[in-house]
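Take 14 as the starting number for the sequence shown in our numbering and just add one per residue. A quick write-up on the structure given underneath.
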Amino acid sequence: MFDSLKPQPADKILALMSAYKADPRTDKIDLGVGVYKDASGNTPVMRAVKEAERRILADQTTKAYTGLAGDPAYADAMIDLILAGSVPRARVAAVATPGGTGAIRQALELIKLASPDATAWLSNPTWPNHPSIINYLGMKSATYRYFDEATRGVDFAGLMEDLAEVAEGDVVLLHGCCHNPTGANPTPEQWDDIVELLKAKGAMPFVDIAYQGFGDGLAADAAATRLIAGAFDEVLIAASCSKNFGIYRERTGLLMAIGRDDEQVAQAQATLAFLNRQNYSFPPDHGARIVTTILTDPALRADWEAELEETRLGMLSLRQQLADELRQQSNSDRFDFLANHRGMFSRLGTSPEKVEVLRSEHGIYMVGDSRMNIAGLNAQTVPLLAKAIIAAGI
Ligand code: PLP
Ligand code: TYF
């Protein structure tokens with residue numbers, strides 16, 4: 014049986030992680046996988062997470078199964094964090110999932126069950142797991158233009174032109190904030206236009222929100238998701254707690270399905286619970302319990318928000334420092350886009366060959382499409398990266 018297994022394509026981001034580990038150079042710089050790192054290169058456990066875990070350890074009286082949808086208190090707290098009343102709670106069906114990836118997978122399975130012929134539209138580029146899971150499930154997909162190679166901003170005219178081709182009942186996958194891999198995001202006015210177009214086309218938005226609090230702040234980063242939630246009869250939202258709570262390995266996510274009326278919401282809720290059961294029965298609970306503990310305790314929540322804000326401002330300041338340094342070293346403003354991007358990533362916009370030169374000659378690791386994890390930098394390495402970028406002729 015196993016002899017017939019074929020090699021599967023590797024995840025380029027995870028392969029880069031291994032290559033970095035194996036590199037013996039001591040001055041190497043890791044701008045690869047999307048994990049937040051502080052100035053010393055550590056991925057810390059957040060203070061509020063530590064305290065929540067301490068309380069759970071002290072107070073938890075059972076580890077019996079939760080429910081197929083996970084703990085309802087977790088769904089309530091997350092729906093409030095992300096949607097903040099932009100749509101009545103009664104219109105939201107939700108299940109806990111193993112990470113944001115689990116939510117994406119369940120959302121796609123739900124789409125496949127409900128509408129097997131629907132096309133899922135993906136930004137070009139997008140997070141590689143989006144097309145990978147869609148292809149694995151044998152679903153139809155198409156891409157819409159997203160990144161302007163010249164300005165390194167959103168190719169808004171291209172995006173609108175491509176989304177004008179969306180058919181009624183198609184699904185359009187949108188990054189709620191902090192686009193991965195480019196770092197380029199639509200303006201609030203552009204979001205209004207996207208919503209208007211998709212409504213006119215009768216398409217269903219599917220929002221992937223994995224970096225709330227990493228861009229312009231918790232509320233600003235959820236603004237597009239809230240706008241969409243309030244504007245359509247049906248919406249899917251896949252949320253991840255991996256980054257903003259720093260609980261990557263706890264596998265903590267939530268899938269929301271917003272429906273038109275009670276009947277639709279009840280059917281969506283039952284289907285989501287069914288899908289959890291088919292795949293893994295009960296979703297993991299530890300990460301969800303940490304998140305619920307933090308979000309429902311005012312002092313813990315304030316401390317989490319404060320630490321998240323420090324994290325966000327640290328990344329913004331690294332962006333500004335890098336843009337300033339490159340302005341000086343290149344004697345031009347052609348890298349100013351780095352300060353305008355938001356979230357953990359920026360796409361530098363150079364060839365795989367030049368990315369390879371950065372790796373082989375300077376020990377700087379970024380994804381082959383020239384995506385850099387800004388959090389992999391610190392005040393000392395920013396000038397080194399700028400120097401290498403100029404030396405490589407980028
Ligand atoms: N969506 C995007 C765009 C991401 O970058 C990530 C990355 O981690 C996820 C979803 C889901 O992450 P996880 O499954 O670790 O929660
Ligand atoms: O894009 C990233 O780097 C993060 C982490 O299969 C990640 O989203 C990368 C690849 C993967 C799962 C998570």
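Ideal placement from N, C-alpha and C gives every residue a C-beta, glycine not left out. Just so it is clear, the structure is predicted and the values come from calculations on it, not from any experiment.
Note the first and the last residue of the continuous beta strand (DSSP E) segment covering residue i.
{"i": "residue 132", "result": "132-137"}
{"i": "residue 8", "result": "For residue 8 there is no data in the structure shown, the boundaries of the chain being 14 and 407."}
{"i": "residue 110", "result": "105-110"}
{"i": "residue 250", "result": "248-253"}
{"i": "residue 390", "result": "Neither: residue 390 is in no beta strand (DSSP E) and is coded neither H nor E."}
{"i": "residue 270", "result": "266-271"}
Please state the DSSP three-state secondary structure of residue i.
{"i": "residue 395", "result": "helix"}
{"i": "residue 43", "result": "strand"}
{"i": "residue 35", "result": "helix"}
{"i": "residue 92", "result": "helix"}
{"i": "residue 126", "result": "helix"}
{"i": "residue 355", "result": "coil"}
{"i": "residue 347", "result": "coil"}
{"i": "residue 278", "result": "helix"}
{"i": "residue 78", "result": "coil"}
{"i": "residue 100", "result": "coil"}
{"i": "residue 370", "result": "helix"}
{"i": "residue 117", "result": "helix"}
{"i": "residue 377", "result": "strand"}
Around the C-beta of residue i, are 16 or more other C-beta atoms found within 10 angstroms, so that it is buried, or is it exposed?
{"i": "residue 148", "result": "exposed"}
{"i": "residue 136", "result": "buried"}
{"i": "residue 58", "result": "exposed"}
{"i": "residue 253", "result": "buried"}
{"i": "residue 164", "result": "exposed"}
{"i": "residue 338", "result": "buried"}
{"i": "residue 359", "result": "buried"}
{"i": "residue 373", "result": "exposed"}
{"i": "residue 49", "result": "buried"}
{"i": "residue 75", "result": "exposed"}
{"i": "residue 264", "result": "buried"}
{"i": "residue 357", "result": "buried"}
{"i": "residue 183", "result": "buried"}
{"i": "residue 486", "result": "Nothing can be reported for residue 486: it is not among the residues displayed for the chain, which extend from 14 to 407."}
{"i": "residue 168", "result": "buried"}
{"i": "residue 227", "result": "buried"}
{"i": "residue 394", "result": "buried"}
{"i": "residue 77", "result": "exposed"}
{"i": "residue 153", "result": "exposed"}
{"i": "residue 160", "result": "buried"}
{"i": "residue 53", "result": "exposed"}
{"i": "residue 130", "result": "exposed"}
{"i": "residue 181", "result": "exposed"}
{"i": "residue 379", "result": "buried"}
With residue i as the anchor, note down where its alpha helix (DSSP H) starts and where it stops.
{"i": "residue 361", "result": "Here residue 361 belongs to no alpha helix (DSSP H), and DSSP marks it neither H nor E."}
{"i": "residue 49", "result": "Neither: residue 49 is in no alpha helix (DSSP H) and is coded neither H nor E."}
{"i": "residue 24", "result": "Where residue 24 is concerned, there is no enclosing alpha helix (DSSP H), given that its DSSP letter is neither H nor E."}
{"i": "residue 238", "result": "231-244"}
{"i": "residue 17", "result": "Neither: residue 17 is in no alpha helix (DSSP H) and is coded neither H nor E."}
{"i": "residue 256", "result": "Taken as a continuous stretch (DSSP letters only), residue 256 belongs to no alpha helix (DSSP H), as it is neither H nor E."}
{"i": "residue 57", "result": "Careful: residue 57 lies outside any alpha helix (DSSP H) and carries neither H nor E."}
{"i": "residue 144", "result": "142-149"}
Contact criterion: CB-CB distance below 8 Å. Does residue i meet it with respect to chain C?
{"i": "residue 382", "result": "Absence of chain C from the displayed structure is noted, only one protein chain being present."}
Is the closest heavy atom of the ligand NAP to the C-beta of residue i under 7 Å?
{"i": "residue 195", "result": "This structure lacks the ligand NAP; the ligands present are the ligand PLP and the ligand TYF."}
Self-check item: Contiguous alpha helix (DSSP H) assignments of at least 4 residues, all confined to the stretch 151-201
Solution: Positions of the alpha helix (DSSP H) runs, each at least 4 residues long and wholly inside the stretch 151-201, are given as 169-176 in order along the chain.
Practice problem: Counting only runs of 4+ residues fully inside the stretch 281-315, write out the alpha helix (DSSP H) ranges in chain order. | Solution: At a cut-off of 4 residues, the continuous stretches assigned as alpha helix (DSSP H) that sit fully inside the stretch 281-315 are 299-308.
Quiz item: Within the structure, which residues are defined as neighbours of the ligand TYF by a Cβ-heavy atom distance below 5 Å, reported in chain order?
Solution: Residues close to the ligand TYF by the beta carbon criterion (under 5 Å to any non-hydrogen atom) are, from first to last along the chain, 24, 26, 46, 47.
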